[in-house]
Amino acid sequence: MNKLTAEVARMDIVHLREHQADPHVGLSLREEKYLQALEIALPVLEQQESDGWIEWKGGECPTDIRDRVDIKLRDYGQFTDRVSGRLNWEQFGVSTDIIAYRVIENDGSEG
Numbered sequence: 001m002n003k004l005t006a007e008v009a010r011m012d013i014v015h016l017r018e019h020q021a022d023p024h025v026g027l028s029l030r031e032e033k034y035l036q037a038l039e040i041a042l043p044v045l046e047q048q049e050s051d052g053w054i055e056w057k058g059g060e061c062p063t064d065i066r067d068r069v070d071i072k073l074r075d076y077g078q079f080t081d082r083v084s085g086r087l088n089w090e091q092f093g094v095s096t097d098i099i100a101y102r103v104i105e106n107d108g109s110e111g
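Quick note: the sequence shown uses the working numbering, first residue 1, plus one each step.
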């Protein structure tokens, strides 16, 4: 069995979305579920393949607001160990936009 990679997941998502948007083709229930699973799995696959970093294009906070994260800003480099709920996750095309993040794993020493 071949291992699912982020690249394969992205290609499958594009392909399935094209079929989904075409009124003459559409998706079966199984394909709909597969598309949903790929969309959930893609950030995890990207994180595994990029030293834990997940590309970010803006939106609501992608983690629990109490999670601690490392972030990369568009023009200001990397910042470590930030509380995710205190960060601005929206993007405005400015130098302080978050462009990537990774969740810091809790080692169990905190409550």
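Glycine residues also receive a C-beta, built at the ideal position from the N, C-alpha and C atoms.
Please state if the CB of residue j and the CB of residue i are separated by a distance shorter than 8 Å.
{"i": "E46", "j": "A6", "result": "yes"}
{"i": "L73", "j": "I98", "result": "yes"}
{"i": "I13", "j": "E49", "result": "no"}
{"i": "I65", "j": "G85", "result": "yes"}
From residue i to residue j, what distance separates their C-alpha atoms?
{"i": "T96", "j": "S28", "result": "42 Å"}
{"i": "R82", "j": "Y34", "result": "34 Å"}
{"i": "Y76", "j": "R30", "result": "43 Å"}
{"i": "E32", "j": "N106", "result": "34 Å"}
{"i": "F79", "j": "G26", "result": "43 Å"}
{"i": "D67", "j": "L4", "result": "27 Å"}
{"i": "H15", "j": "N2", "result": "19 Å"}
{"i": "H19", "j": "G59", "result": "26 Å"}
{"i": "E90", "j": "P62", "result": "11 Å"}
{"i": "R17", "j": "D51", "result": "28 Å"}
{"i": "D87", "j": "W56", "result": "Looking at the sequence shown, residue 87 is not Asp but Leu. Distance between the alpha carbons of L87 and W56: 13 Å."}
{"i": "V44", "j": "A37", "result": "11 Å"}
{"i": "M11", "j": "H24", "result": "21 Å"}
Specify, as a first and last residue, the run of the beta strand (DSSP E) that residue i falls within.
{"i": "V103", "result": "98–103"}
{"i": "I65", "result": "Counting along the chain, I65 falls outside any beta strand (DSSP E), and DSSP gives it neither H nor E."}
{"i": "D75", "result": "First-last for D75: undefined, no H or E at that position."}
Along the chain, where does the alpha helix (DSSP H) that runs through residue i open and close?
{"i": "V44", "result": "29–49"}
Assign residue i to buried or exposed, taking buried as 16 or more other Cβ atoms, counted over all protein chains shown, within 10 Å of its Cβ.
{"i": "A113", "result": "Absent from the model: residue 113. The displayed extent of the chain is 1 to 111, so no value can be given."}
{"i": "V69", "result": "buried"}
{"i": "A9", "result": "buried"}
List the residues that DSSP assigns as beta-bridge partners of residue i.
{"i": "I54", "result": "Y101"}
{"i": "H14", "result": "Note that residue 14 is Val in the sequence shown here, rather than His. DSSP, once it has assigned bridges, lists no residue as partnering V14."}
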